[in-house]
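Trainee: Residues in the sequence shown are numbered from 506 upward in steps of one, following our numbering.
Heads up, the beta-carbon is just placed ideally off N, CA and C, and yes, glycines get one too.
Pasting in a structure now, in structure tokens, and then I'll have a few things to ask.
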Amino acid sequence: MDDSRKIRQHYNSLMGLARIFDDTTPKSESIASSLVREYERFMDDANKDLPSILSPFNKGDFLAWEDEGKGWYESAGIKAHMQRNLGILKTMVDDFSQTPVTEKRSFHFVDDAKLREILERDYQEIQKGIIAANWKSAIILCGGSIEAILLDLLFKDSVQAISSAKAPKESDLNKWDLNDLVEVAVEEKMIGSEIAKLSHTVREYRNLIHPGVEVRRDLKVKPEEAKIAVEVLHILIRELS
506 MDDSRKIRQH YNSLMGLARI FDDTTPKSES IASSLVREYE RFMDDANKDL PSILSPFNKG
566 DFLAWEDEGK GWYESAGIKA HMQRNLGILK TMVDDFSQTP VTEKRSFHFV DDAKLREILE
626 RDYQEIQKGI IAANWKSAII LCGGSIEAIL LDLLFKDSVQ AISSAKAPKE SDLNKWDLND
686 LVEVAVEEKM IGSEIAKLSH TVREYRNLIH PGVEVRRDLK VKPEEAKIAV EVLHILIREL
746 S
């Protein structure tokens, strides 16, 4: 379980326990030891997952009186202690809520180690862009990632790529545009035709960097385009994995 889920789990557990304390002792000044033990169990579990985070709890600090071996504890003090820990957990929950949750993807099929690192980094940024509704940056990063993956793929057999019926006259693969890379990769059956059908959304991604070109060509930068771009990238990753 990741940290964010653990924090939310403990926050919700403590919220529930606090409600039980309030319902059981709405006006009472004392709390029975059985309820206090539940709070101790919560603290033991929470401290295993979140060491040195919560305010330490020692029930002896809140002992009001004992009767026939049973302890009774100050209601107000323990409830205040619980609220202090709820505040700590709530702050952590809010911090995680403001941080986009992303997943990692493996680009093990890419030969160039430095390029793999860049692709992994950019994939994280793409997800953050989608979460934040930054459609333009997501499309640009998707286009760059797709181009880099296809270029690496074609370089594995550059002779075959250059001699393809769909290859442009330019023999330097580094100078091919995304459309050329897609057409040749599909023609040589390195990738499926589904990518060619969808990739029109990202084929002019480089032009999005220039506002003037974006205006003149009336390029679309909307959620639909960004999500299709991500889907093309996902299909490519799936086919090559």
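Just the C-alpha distance for residue 554 and residue 511, rounded to the nearest angstrom, thanks.
Mentor: C-alpha separation (whole angstroms): 7 Å.
Trainee: Using DSSP's beta-bridge definition, name the partner residues of residue 566.
Mentor: None, per the DSSP bridge assignment.
Trainee: Taking 8 Å as the cut-off, decide whether the C-beta atoms of residue 586 and residue 551 are in contact.
Mentor: In this structure, residue 551 does not lie closer than 8 Å to residue 586 by Cβ.
Trainee: Tell me which residue opens and which closes the alpha helix (DSSP H) that residue 668 is part of.
Mentor: Where residue 668 is concerned, there is no enclosing alpha helix (DSSP H), given that its DSSP letter is neither H nor E.
Trainee: Starting from the C-beta of residue 688, find all residues in its chain whose C-beta is less than 6 Å away, skip the five residues before and the five after it, and write them out in chain order.
Mentor: So the qualifying residues of the chain are 671.
Trainee: Can you tell me whether residue 677 is buried or exposed, with buried defined as 16 or more other CB within 10 angstroms of its CB?
Mentor: Flag for residue 677 reads exposed.
Trainee: Is it right to say residue 735 is buried, meaning 16 or more other beta carbons lie within 10 angstroms of its own, or is it exposed?
Mentor: Label assigned to residue 735: buried.
Trainee: Taking DSSP's pairing of strands, which residues face residue 537 in a bridge?
Mentor: Per DSSP, 577.
Trainee: Do the CB positions of residue 617 and residue 646 come within less than 8 Å of each other?
Mentor: Result no, Cβ atoms of residue 617 and residue 646 do not sit closer than 8 Å.
Trainee: Based on the DSSP output, what are the partners of residue 571 in its beta bridges?
Mentor: Partner(s): 576.
Trainee: What did DSSP end up calling residue 708 once you bin it into helix, strand or coil?
Mentor: Three-state result, residue 708: coil.
Trainee: How many angstroms separate the CA atom of residue 532 from the CA atom of residue 600?
Mentor: Distance between the alpha carbons of residue 532 and residue 600: 34 Å.
Trainee: Taking residue 648 as the reference, give the member of 598, 559, 534 and 730 with the closest Cα.
Mentor: Minimum Cα distance to residue 648 is reached at 730.
Trainee: Restricting to Cα atoms, I'd like to know which of 664, 711 and 636 is closest to residue 683.
Mentor: Here the closest residue by C-alpha is 711.
Trainee: Does the beta-carbon distance from residue 537 to residue 577 come in below 8 Å?
Mentor: Yes, Cβ-Cβ distance for residue 537 and residue 577 is below 8 Å.
Trainee: Taking residue 678 as part of the alpha helix (DSSP H), name the residues at either end of that continuous run.
Mentor: Careful: residue 678 lies outside any alpha helix (DSSP H) and carries neither H nor E.
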